[in-house]
Amino acid sequence: MAITLAPAALERVKGYLASSPDALGLRFGVNRTGCSGWGYAVDLAREKKPGDTVFEQDGIRIFVDADSLPLVDGTEMDFLKQGLNEQFTFRNPKAAAECGCGESFTTDADKVA
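Mapping to full-length UniProt numbering: the sequence shown position 84 is 84, numbers consecutive.
Printed below as a string of C-alpha cells:
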C-alpha cells in the first residue's frame, strides 16, 4: 500500500514545500493522543530518519516512521476548505473508529488490547 495525497492536499503540500526549500518533503505519522487513542501528525520533513519509509507522489516525498506505518498504511490525505476553516483530512483504512471531531482514531488492534 502507500500514503497518497488527493489533488487539494498535493497542491497545499507543494505550497508548503515551496516556502521551505530546506524541507525534504512531508512527514506523516501518529502520536498517542485524543479521545480515541491515535492522533495524526503532519509536518515538514527536514531529515530522513532511520526506519523511515518514503513514498513519492508527483515529486513530493512523504516520510513515515516505522512505528506509524502499520497504523496509517493506505491512508489518503485530503485538504478541505469550509468557509474560514482549512484542514487536512484523512481516509485511513486502518481506522476502526474515529472521535467526533475526526482528529483521533482507534484500530481493531487497540480494541483488543
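The C-beta atom is built at its ideal place from N, Cα and C for all residues, glycine as well. A quick note: this is a predicted structure, and the numbers were derived from the prediction, not measured.
### Message
Among the candidates S20, D22, Y40 and S19, whose CA atom is the shortest distance from the CA of G29?
### Response
Y40
### Task
For my contact list, A8 and F79 are in at a C-beta cut-off of 8 Å; report their separation, rounded to the angstrom.
4 Å
### Message
Relative to the C-alpha of K94, which candidate in T33, N85 and T106 has its C-alpha closest?
### Response
T106
### Buried versus exposed, by CB contacts within 10 Å (16 or more), L84
exposed
### Query
Just curious, the beta strand (DSSP E) that L44 is in, first and last residue?
G37 to A45
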